[in-house]
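K.L.:
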Amino acid sequence: MRNGWTVFDLLWLVVFVGGGLAIGGRVHGSVGAVVGACLGFGLLSALGRLLRQEAERQPPCQCGVVGSPFKTSHDQKIKMIVSTCSSCGRVYAQQRGSIWNEVLPDGHLTPIMRRTFLGGWKSIEKNSV
Ligand SMILES: [Zn+2]
14 MRNGWTVFDL
24 LWLVVFVGGG
34 LAIGGRVHGS
44 VGAVVGACLG
54 FGLLSALGRL
64 LRQEAERQPP
74 CQCGVVGSPF
84 KTSHDQKIKM
94 IVSTCSSCGR
104 VYAQQRGSIW
114 NEVLPDGHLT
124 PIMRRTFLGG
134 WKSIEKNSV
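Reading the sequence shown from the start, the letters are residues 14 to 142 in this note's numbering.
1) From the DSSP output, read off the bridge partner residues of Asp88.
2) Return yes when the C-beta of Ser86 is under 6 Å from any heavy atom of ligand 1, and no when it is not.
3) When you compare only the Cα positions, how much space is there between Met93 and Gly32?
4) With which residues is Phe83 paired in a DSSP beta bridge?
5) Output needed for Leu117: all residues of its chain with C-beta closer than 7 Å, excluding positions within five of it in sequence on either side, in chain order.
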């Protein structure tokens, strides 16, 4: 969905590569510093890939179909990326990565699920919103 580097990505790059550089350099001189920097970069990209995968994971549809039955597209009306269930046709929109809304036929969003800290999904009680 998003390409290129953000400020945060660069910050993490500095922390991991710089950290590896410093630790490696202390342990094994300049060779250690290069190896440490490479390891730091490898660790960062592995972590980034994992987090991105988690961010793209979607909760199950309300019709009960398991797996990922969704087709994503860009909705012109609500100006968001939406996921359409290929089984029942319900449309969902993910807001800021953490709120999973059902898109009603009139274009209104109803929050259905909230993402938990560990990347799972928890349903939102309708009364508490
Ligand atoms: Zn469905």
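Glycine is no exception: its CB is placed at the ideal position from the N, C-alpha and C atoms.
P.N.:
Concretely, from the data shown:
1) For this step, residue 88 is matched to residue 75 along the sequence shown. Listed as beta-bridge partners of Asp88 by DSSP are Met93.
2) Numbered from its first residue, the sequence shown carries residue 86 at position 73. Within 6 Å of the C-beta of Ser86 there is not a single heavy atom belonging to ligand 1.
3) Translated into the one-based positions of the sequence shown, residue 93 becomes position 80. Translated into the one-based positions of the sequence shown, residue 32 becomes position 19. Our two residues, Met93 and Gly32, have alpha carbons roughly 38 Å apart in a direct line.
4) For this step, residue 83 is matched to residue 70 along the sequence shown. Beta-bridge partners of Phe83 (DSSP): Cys98.
5) In the sequence shown, the residue the question calls residue 117 occupies position 104. Within the same chain, Thr123 come within 7 Å of Leu117 by CB-CB distance, once the 5 residues on both sides are set aside.
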